[in-house]
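Student:
There are 2 protein chains.
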Amino acid sequence: MKDIAEHLGLSQTTVSHVLTGKHRKFRISPATVERVWRLAEKLGYRANVMARAFRERRSYAVCLAVEDLQNPFWAGIAIGAEREAEEHGYALVVTDLGGSAERLRRALQLVRDQRVDGLIVSPVRGSDAELAAAHRHGLPLVQVDRAVARLPVACVRTDHEAGSVLAVRHLLTRGRRDVVYVGGPLDIPNYRQRLAGFRKELRRHRLQPAAELILDDPSPAEAERAVARVLRDVQRPLALFAANYALTVGTLRAIRAASRAVPDDVELVGFDDIQMADLLLYPVTTVDQDVSSIGREAVRLLLDAIRTGRRSAQHVLLPPRLIPR
Amino acid sequence: MKDIAEHLGLSQTTVSHVLTGKHRKFRISPATVERVWRLAEKLGYRANVMARAFRERRSYAVCLAVEDLQNPFWAGIAIGAEREAEEHGYALVVTDLGGSAERLRRALQLVRDQRVDGLIVSPVRGSDAELAAAHRHGLPLVQVDRAVARLPVACVRTDHEAGSVLAVRHLLTRGRRDVVYVGGPLDIPNYRQRLAGFRKELRRHRLQPAAELILDDPSPAEAERAVARVLRDVQRPLALFAANYALTVGTLRAIRAASRAVPDDVELVGFDDIQMADLLLYPVTTVDQDVSSIGREAVRLLLDAIRTGRRSAQHVLLPPRLIPR
DNA sequence: ATGAAAGCGCTAACAA
DNA sequence: TTGTTAGCGCTTTCAT
């Protein structure tokens with residue numbers, strides 16, 4: 001900027017005004033604007049991001065803290081978020097929480113250190129208080145996939161309830177009447193909503209669930225044990241609805257261990273899509289989430305919050321999609 | 326720092342010396358050091374990362390540019406890299422290249438804009454010249470998984486050749502004698518090395534390959550077509566070795582389409598591990614890479630290059646591991 | 001419509 | 001062993 005100013009016999013201030021697009025506000029003459037632009041172009045001027053960040057106290061970076069990057073669901077969100085951030089000139093710092101509140105604390109540290117201007121996060125267990133505190137301190141925050149209860153912070157996620165409805169409707173269409181729900185603990189809103197959709201759609205058809213497996217620990221191992229028990233006790237044909245990826249895996253293992261025939265004897269729908277599903281032992285219909293859009297929309301909301309200073313508590317629900325198999 | 330200095334009747338410089346750990350170098354008295362530390366602690370002093378970055382012309386962030394974040398291989402590398410970076414006080418900016426040289430150019434822009442101090446990258450096709458140029462300009466660079474030929478830049482990857490040897494040896498142990506190689510184009514060193522290991526181990530046993538499928542486009546679809554042809558032409562029992570994840574998927578599809586019996590009739594080993602492999606239609610033995618270590622080691626090398634200014638061209642080869650199934 | 005000047009928080013060359 | 005001073009590149013307030 002100094003160079004350009006000297007070459008043009010202008011002040012650095014004026015150059016700054018032009019180069020940051022504030023020439024309207026400062027009523028810089030079109031001729032000057034043009035001259036500055038030309039020379040900047042010719043000299044290959046690039047703003048020093050660090051200097052600007054330092055001065056403005058903004059880093060032009062945001063952080064995405066996901067639960068588990070190895071899960072294609074989260075990886076997809078990261079990809080969408082990165083694309084969107086890049087298009088707005090923001091860098092995306094990705095953090096893998098691995099379910100640990102301690103690692104979330106570190107992510108919040110990033111913000112306090114001004115390394116990032118805002119945070120997109122999927123609340124892990126035991127992080128509610130911290131997130132609430134961060135929000136009170138004015139940190140621009142957007143939640144994805146999950147939302148902390150009674151926290152007025154924006155959230156972008158799939159319409160879980162609608163997903164369950166899709167799943168159940170699919171099973172009913174195939175003539176199933178005995179449907180089992182396999183889900184996680186109800187203190188997690190996600191699972192509450194998925195269960196609600198499940199119940200709602202069954203009730204609409206005046207049916208009772210064959211069973212509702214509410215697992216404290218929504219891991220493949222737990223799902224396998226619980227489903228195995230049901231398959232042992234109930235010998236008539238069954239339909240199963242597993243409320244997420246891990247539970248679907250466990251359910252599949254239980255089905256295999258019980259040597260039940262799919263889809264004639266038991267049939268399965270799982271939340272979250274599965275890569276190479278066609279190569280699986282059994283056909284699994286899935287409720288696919290639009291992961292990329294979740295990421296993009298979260299970034300959009302966050303940047304909006306950063307720029308306007310407004311703290312929207314809007315919840316954006318994206319529709320799921322059934323992939324029958 | 327100013328506050329601390331005033332409270333203690335010291336100069337800001339001295340405080341800086343202490344707080345940045347340079348008190349030995351400047352022979353600050355232990356008493357002073359102690360006083361500064363105490364007060365900093367009490368005041369909850371945290372260095373302004375932006376100010377430091379601005380002044381030192383370093384961002385204390387590095388960028389990891391991966392081929393495809395949805396692939397568990399790359400996601401695993403990202404996780405390892407992030408952990409290691411964090412432990413050194415560095416932030417990790419993750420970029421998904423999606424195989425596009427254009428997006429790599431953007432990543433290089435990040436460096437030129439000083440938003441990151443260095444780059445870990447898996448070279449995509451058509452990016453060789455750009456990476457070479459970046460390296461000439463002195464950009465701290467580390468390659469992962471792949472290396473640009475004749476570019477004196479460090480690289481961290483699995484010992485592909487050793488992986489192939491493991492795979493072939495496994496198949497031979499199972500009594501197979503007719504082994505087919507399914508791999509990608511030989512202008513990519515990865516595939517050259519995997520093929521080399523394959524040939525080497527066969528030769529050691531004085532065997533000829535049953536076939537070598539060298540695909541220009543290493544996609545599942547191409548692999549499926551090529552393998553289908555072989556399965557049609559060769560009716561005797563076969564062993565297949567697929568040189569990466571995508572090729573393994575295609576090969577599996579071909580096997581299914583041909584209705585060959587696994588493992589009695591045909592048997593498969595694939596490079597790169599597969600999640601939920603136990604739930605696949607067929608058992609697939611895999612050559613697993615230590616992805617997390619690749620990420621960690623890459624960051625270590627990069628930070629070393631950044632700190633020392635040395636540009637090592639060291640290639641770190643990590644041993645693969647066979648997961649028999 | 002343009003410019004002067006101050007200052008963001010920190011580091012480092014140099015002085016004492 | 002500690003302090004003085006300058007300056008990194010930019011934005012912004014206030015003059016003109």
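Chains as they are written, first to last, in this note's numbering: chain A, 1 to 325; chain B, 326 to 650. Where a beta carbon is used, it is the ideal one built from N, C-alpha and C, also for glycine. Since we're looking at a predicted model, the values are computed, not measured.
#1: Do you know offhand how far residue 636 of chain B's Cα is from residue 407 of chain B's?
#2: On the three-state DSSP scale, how would you describe residue 613 of chain B?
#3: Just tell me which of A:295, A:1, A:181 has its CA closest to the CA of residue 270 of chain A.
#4: At a CB-CB cut-off below 7 Å, which residues of chain B make contact with residue 1 of chain A?
#5: Sort out for me which residues DSSP pairs residue 77 of chain A with in a bridge.
#6: Rounded to whole angstroms, what is the Cα-Cα separation between residue 44 of chain A and residue 8 of chain A?
#7: Please list the partners that residue 79 of chain A has in chain B, where partner means a Cβ-to-Cβ separation under 9 Å.
#8: So, does the CB of residue 504 of chain B fall closer than 8 Å to a CB anywhere in chain A?
#9: List the endpoints of the continuous alpha helix (DSSP H) containing residue 170 of chain A.
#10: Name the chain A residues whose beta carbon is nearer than 8 Å to that of residue 439 of chain B?
#11: Along chain B, which residues have their Cβ under 7 Å away from the Cβ of residue 321 of chain A?
#12: Below 9 Å on C-beta distance, what does residue 341 of chain B contact in chain A?
#13: Who are the near neighbours of residue 149 of chain A in its chain, counting only those whose CB is closer than 8 Å to its CB and skipping five residues on each side?
#14: If you run the structure through DSSP and keep just helix, strand and coil, what is residue 520 of chain B?
#15: Would you mind telling me which residues of chain B sit closer than 7 Å to residue 111 of chain A, beta carbon to beta carbon, in chain order?
#16: What's the C-alpha gap between residue 286 of chain B and residue 546 of chain B?
#17: By the criterion of Cβ-Cβ separation under 9 Å, what are the contact partners of residue 621 of chain B in chain A?
#18: In the DSSP assignment, what are the bridge partners of residue 648 of chain B?
#19: In this structure, what does DSSP give as the bridge partners for residue 468 of chain B?
#20: For residue 499 of chain B, is the classification buried or exposed, using 16 other Cβ atoms within 10 angstroms of its Cβ as the cut-off for buried?
#21: Should the segment 291 to 306 of chain A be called in touch with the segment 144 to 160 of chain A, which here means at least 3 C-beta pairs below 8 Å?
#22: Within the 8 Å Cβ cut-off, does residue 130 of chain A reach chain B?
#23: Alpha carbon to alpha carbon, how far is residue 345 of chain B from residue 365 of chain B? Give it in angstroms, no decimals.
#24: Along the chain, where does the beta strand (DSSP E) that runs through residue 214 of chain A open and close?
#25: According to the Cβ coordinates, are residue 151 of chain A and residue 119 of chain A closer than 8 Å?
#26: Do residue 526 of chain B and residue 490 of chain B count as a contact pair if the criterion is CB distance below 8 Å?
#27: Return the residue from the list A:146, A:262, A:247 that minimises the CA-CA distance to residue 238 of chain A.
#28: Specify, as a first and last residue, the run of the alpha helix (DSSP H) that residue 251 of chain A falls within.
#29: Helix, strand or coil: which one does DSSP assign to residue 392 of chain B?
#30: In this structure, what does DSSP give as the bridge partners for residue 596 of chain B?
#31: Any contact between the segment 430 to 447 of chain B and the segment 385 to 393 of chain B? By contact I mean 3 or more CB pairs, one from each, below 8 Å.
#32: If contacts are defined as beta-carbon pairs under 8 Å, then residue 72 of chain A and residue 614 of chain B qualify, I think. What distance do you get, rounded to the angstrom?
#33: What does a CB cutoff of less than 8 Å around residue 278 of chain A pick up in its chain, not counting 5 residues either side in sequence?
#34: Can you name, in chain order, every residue of its own chain whose Cβ lies under 7 Å from the Cβ of residue 638 of chain B, other than the five neighbours on each side?
#35: Does residue 182 of chain A get closer than 8 Å to chain B when you measure Cβ to Cβ?
#36: With respect to the alpha helix (DSSP H) encompassing residue 110 of chain A, which residues constitute its N-terminal and C-terminal limits?
Tutor: Let's see:
#1: 22 Å
#2: strand
#3: A:181
#4: Ordered by position in chain B, no residue passes the 7 Å Cβ test against residue 1 of chain A, which lies about 15 Å from the chain.
#5: Its beta-bridge partners do not exist; DSSP assigns none.
#6: 16 Å
#7: 393, 394, 395, 421, 423
#8: no
#9: 160 to 173
#10: 48, 49, 50
#11: In chain order: nothing, as chain B lies at least about 17 Å away.
#12: Within chain A, no residue comes near residue 341 of chain B; the closest Cβ sits about 16 Å away, beyond 9 Å.
#13: 128, 189
#14: helix
#15: What residue 111 of chain A touches in chain B: nothing, since even the nearest Cβ is about 11 Å away.
#16: In the structure as shown, chain B starts at 326 and stops at 650, and residue 286 of chain B therefore has no counterpart that could be examined.
#17: Under the 9 Å cutoff, chain A gives no residues; its nearest Cβ is about 13 Å from residue 621 of chain B.
#18: B:611
#19: B:446, B:480
#20: exposed
#21: yes
#22: no
#23: 12 Å
#24: 211 to 214
#25: no
#26: yes
#27: A:262
#28: 245 to 258
#29: coil
#30: B:612
#31: yes
#32: Incorrect: roughly 18 Å between the Cβ atoms, too far for contact.
#33: 325
#34: 477, 478, 479
#35: no
#36: 101 to 112
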